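Residue numbers (the numbering used here): 2 to 499.
Set out below in structure tokens:
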């Protein structure tokens with residue numbers, strides 16, 4: 002079979018079975034022999050992967066695949082020792098010093114590029130959470146080789162046994178704590194290969210050098226059991242997710258990038274667990290308590306992550322009471338962060354908020370302070386936009402005729418992730434749970450959606466239902482939920498036949 006060695010501008014490329022795109026001049030100019038071209042079949046996107054990047058990603062997957070083959074003979078005690086040793090190294094101030102220094106350098110470089118550093122900073126709290134997460138994995142039973150079912154027949158029996166799934170590929174944004182979370186798959190007998198965003202690559206390299214690799218060596222685990230794809234190129238993620246040796250591809254980050262990564266993995270025949278678009282919704286019924294509502298709004302806007310309040314729907318019959326309480330809580334959330342909050346509202350409902358909320362203010366953006374109207378107008382179909390903010394809490398407000406209308410809007414426009422109902426009627430909560438299409442449903446603040454916080458298990462990812470419900474597991478992907486089932490038969494009757 003001939004190998005692609007060059008691209009010409011205007012060259013037609015078929016995708017989706019019956020669609021055609023063409024190679025742009027800038028892609029033709031840089032494509033070289035040995036490079037790879039991935040065509041996203043759903044969109045026609047042409048993804049260029051230089052040979053060097055492909056080789057780096059492929060080498061990392063090879064090390065992880067070799068380590069998985071060896072991990073079956075490694076004891077659970079050795080895996081426990083790995084988590085304990087990794088935690089000890091991160092807890093040691095002398096060992097952690099070069100990691101902290103690398104993180105400071107990453108922050109300075111990211112700020113110089115106008116990039117957000119909200120999730121990048123490896124604070125003392127994040128460090129403690131990493132250590133606690135690793136220690137929690139050390140205390141968890143492995144589940145490897147556990148018999149989950151046994152069926153006895155005359156003359157023979159069959160056992161259903163848990164086993165490691167294989168190599169887990171993990172692409173995530175620049176939050177260094179997720180680095181430690183990803184290692185949780187070792188607990189259930191898997192290996193992991195991961196790529197971190199370029200903003201945090203220096204921090205990741207330092208964690209590998211001073212924490213991860215020493216912990217693997219000291220516990221007797223194969224070195225490739227947890228492997229970093231050491232490349233700052235975005236295409237490294239595309240290369241890794243194109244490798245069919247992965248058993249599972251996990252992606253966290255911005256919605257568009259995650260959707261594209263998921264498409265690449267699916268084309269390669271790899272199962273995926275995606276979390277891109279987030280942003281929680283809140284629905285306020287006419288039976289809601291105003292004081293409770295104000296408290297949960299403020300507490301759902303303490304920082305920007307996927308489970309932060311993003312869209313609030315207030316039933317019209319109580320809007321006169323609850324909209325002012327909402328605005329006060331939103332303002333307080335900004336004050337808590339030393340910033341001015343930002344509001345979005347449906348254009349035809351502009352008169353719902355006071356004129357003073359349309360005055361120009363300074364909003365904290367990734368690039369710094371920006372002068373803009375405190376309230377911006379949007380259309381109904383924009384209610385699902387997830388606002389990415391720094392210090393200025395940013396949220397959408399919409400007044401609806403009923404809880405039923407809010408459910409319809411959520412199911413149609415939201416990424417179908419996290420939603421809370423504020424209501425005083427238990428029957429109303431049951432009806433809401435039955436009708437709303439979301440994996441995470443609550444009755445108060447939205448920030449509870451977190452594997453470590455809610456389930457006492459570090460999470461690899463949280464999946465929304467934007468691309469359909471998940472088969473056989475919850476929306477929280479944790480290290481101990483990555484496994485397969487093997488069948489083992491024992492035959493007692495030598496003359497058994499069908």
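Backbone N, C-alpha and C fix where the C-beta goes; we use that ideal spot for every residue, glycine too.
Owing to the predicted nature of the structure, the values given are computational and were not obtained by experimental measurement.
Nearest-angstrom Cβ-Cβ length linking residue i and residue j, presumed shorter than 8 Å
{"i": "residue 385", "j": "residue 414", "result": "4 Å"}
{"i": "residue 483", "j": "residue 194", "result": "Their Cβ separation, rounded to whole angstroms, is 13 Å, which puts residue 483 and residue 194 out of contact at 8 Å."}
{"i": "residue 159", "j": "residue 180", "result": "Their Cβ separation, rounded to whole angstroms, is 40 Å, which puts residue 159 and residue 180 out of contact at 8 Å."}
{"i": "residue 387", "j": "residue 279", "result": "6 Å"}
{"i": "residue 58", "j": "residue 237", "result": "5 Å"}
{"i": "residue 116", "j": "residue 367", "result": "6 Å"}
{"i": "residue 41", "j": "residue 264", "result": "5 Å"}
{"i": "residue 224", "j": "residue 217", "result": "6 Å"}
Classification of residue i by the beta-carbon crowding that lies within 10 angstroms, buried from 16 upward
{"i": "residue 190", "result": "buried"}
{"i": "residue 140", "result": "exposed"}
{"i": "residue 460", "result": "buried"}
{"i": "residue 143", "result": "buried"}
{"i": "residue 198", "result": "buried"}
{"i": "residue 148", "result": "exposed"}
{"i": "residue 155", "result": "exposed"}
{"i": "residue 464", "result": "buried"}
{"i": "residue 108", "result": "buried"}
{"i": "residue 305", "result": "buried"}
{"i": "residue 241", "result": "buried"}
{"i": "residue 480", "result": "buried"}
{"i": "residue 335", "result": "buried"}
{"i": "residue 365", "result": "buried"}
{"i": "residue 352", "result": "exposed"}
{"i": "residue 167", "result": "buried"}
Proximity to residue i [Cα-Cα], best of the options
{"i": "residue 445", "options": "129, 188, 342, 290", "result": "290"}
{"i": "residue 175", "options": "228, 134, 155, 104", "result": "104"}
{"i": "residue 478", "options": "207, 250, 202", "result": "250"}
{"i": "residue 282", "options": "296, 224, 238, 301", "result": "301"}
{"i": "residue 125", "options": "323, 333, 91, 464", "result": "91"}
{"i": "residue 12", "options": "411, 3, 22", "result": "22"}
{"i": "residue 137", "options": "370, 350, 318, 188", "result": "188"}
{"i": "residue 229", "options": "437, 263, 316, 60", "result": "60"}
{"i": "residue 77", "options": "146, 25, 112, 450", "result": "146"}
{"i": "residue 476", "options": "274, 368, 118, 71", "result": "274"}
{"i": "residue 296", "options": "312, 333, 102", "result": "333"}
{"i": "residue 177", "options": "481, 129, 224, 165", "result": "129"}
{"i": "residue 310", "options": "37, 98, 448", "result": "448"}
{"i": "residue 423", "options": "491, 350, 406, 298", "result": "298"}
{"i": "residue 470", "options": "488, 457, 417", "result": "417"}
{"i": "residue 401", "options": "381, 495, 420", "result": "381"}
Backbone CA spacing between residue i and residue j [nearest angstrom]
{"i": "residue 245", "j": "residue 356", "result": "57 Å"}
{"i": "residue 55", "j": "residue 454", "result": "37 Å"}
{"i": "residue 359", "j": "residue 110", "result": "35 Å"}
{"i": "residue 462", "j": "residue 134", "result": "14 Å"}
{"i": "residue 27", "j": "residue 372", "result": "36 Å"}
{"i": "residue 443", "j": "residue 431", "result": "11 Å"}
{"i": "residue 7", "j": "residue 33", "result": "6 Å"}
{"i": "residue 88", "j": "residue 132", "result": "5 Å"}
{"i": "residue 29", "j": "residue 47", "result": "11 Å"}
{"i": "residue 499", "j": "residue 162", "result": "24 Å"}
{"i": "residue 247", "j": "residue 473", "result": "20 Å"}
{"i": "residue 53", "j": "residue 235", "result": "13 Å"}
{"i": "residue 50", "j": "residue 427", "result": "54 Å"}
{"i": "residue 348", "j": "residue 377", "result": "8 Å"}
{"i": "residue 258", "j": "residue 328", "result": "33 Å"}
{"i": "residue 314", "j": "residue 284", "result": "5 Å"}
{"i": "residue 437", "j": "residue 429", "result": "12 Å"}
{"i": "residue 369", "j": "residue 339", "result": "14 Å"}
{"i": "residue 114", "j": "residue 73", "result": "44 Å"}
{"i": "residue 16", "j": "residue 43", "result": "7 Å"}
{"i": "residue 65", "j": "residue 435", "result": "42 Å"}
{"i": "residue 408", "j": "residue 441", "result": "14 Å"}
{"i": "residue 261", "j": "residue 497", "result": "51 Å"}
Delimiting residues of the beta strand (DSSP E) encompassing residue i
{"i": "residue 257", "result": "Here residue 257 belongs to no beta strand (DSSP E); instead the alpha helix (DSSP H) covers 256 to 268."}
{"i": "residue 157", "result": "157 to 165"}
{"i": "residue 178", "result": "Careful: residue 178 lies outside any beta strand (DSSP E), inside the alpha helix (DSSP H) at 177 to 183."}
{"i": "residue 365", "result": "361 to 366"}
For residue i, the first and last residue of its enclosing alpha helix (DSSP H)
{"i": "residue 425", "result": "Taken as a continuous stretch (DSSP letters only), residue 425 belongs to no alpha helix (DSSP H), as it is neither H nor E."}
{"i": "residue 128", "result": "125 to 140"}
{"i": "residue 104", "result": "94 to 113"}
{"i": "residue 219", "result": "214 to 220"}
{"i": "residue 52", "result": "52 to 72"}
{"i": "residue 121", "result": "Where residue 121 is concerned, there is no enclosing alpha helix (DSSP H), given that its DSSP letter is neither H nor E."}
{"i": "residue 192", "result": "No alpha helix (DSSP H) contains residue 192, which is instead part of the beta strand (DSSP E) from 192 to 197."}
{"i": "residue 324", "result": "320 to 337"}
{"i": "residue 153", "result": "Here residue 153 belongs to no alpha helix (DSSP H); instead the beta strand (DSSP E) covers 148 to 154."}
CB contact below 8 Å: residue i versus chain D
{"i": "residue 66", "result": "Going by chain labels, chain D is absent from the structure shown, which holds only one protein chain."}
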